[in-house]
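Below you'll find the structure, written out as structure tokens, and then a few comments.
Residue numbers (our numbering): 2 to 169.
Now the structure itself:
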């Protein structure tokens, strides 16, 4: 009686020095052949933009998050949102590093004035980890949250006056 062990895959979740970042991630190595179960026939690859969008949507679901991105990206996003037919960028303020089976995520947030910043950051982190792991199957090793700004209640009045409206 002989026992066989499956080959152990090397952990290559971080790119080696000198390698270019990967645009897609292999989640399932898969094997070809009629003797394999249907679920194992072929590979599954996830593009980095998928992780960016899932993380961006999950972060925006949390109460207290007003916007995402740094000052310049928010300004460009505001212009894009005003253009007829333009779509909002759900990936604004999100940067990811994706390996073979793991991902690390950096988020830039603008928080509503009065919202407890540490609680909002913790809720964002938990929601992003849950959503990315559930939807992509990748292990999230870290979510770094940077709060770049606080939206003050007066900010809304200033922006409505700039748009030329005098009444609500």
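Backbone N, C-alpha and C fix where the C-beta goes; we use that ideal spot for every residue, glycine too.
For residue 135, which of helix, strand or coil comes out of DSSP? helix
Give the straight-line distance between the Cα atoms of residue 109 and residue 141, rounded to the nearest whole angstrom. 17 Å
Rounded C-beta distance between residue 70 and residue 93? I'm assuming under 8 Å. 4 Å
Touching or not, the region 101 to 119 and the region 139 to 153, by the rule of three or more beta carbon pairs under 8 Å? yes
Coarse secondary structure for residue 145, derived from DSSP in three states: strand
For residue 56 versus residue 111, is the C-beta spacing smaller than 8 Å? no
Where does residue 63 fall in DSSP's three states? coil
Less than 8 Å between the C-beta atoms of residue 62 and residue 149, yes or no? no
If you run the structure through DSSP and keep just helix, strand and coil, what is residue 101? coil
With a cut-off of 8 Å, does the C-beta of residue 116 fall near any C-beta of chain B? Going by chain labels, chain B is absent from the structure shown, which holds only one protein chain.
In terms of residues, what are the limits of the beta strand (DSSP E) holding residue 48? 45 to 48
Would you report the Cα separation of residue 99 and residue 156, rounded to the nearest angstrom? 36 Å
Below 8 Å between beta carbons: does that hold for residue 53 and residue 118? no
Who pairs with residue 106 in a beta bridge, going by DSSP? 97, 144
Three-state secondary structure (DSSP) of residue 152: strand
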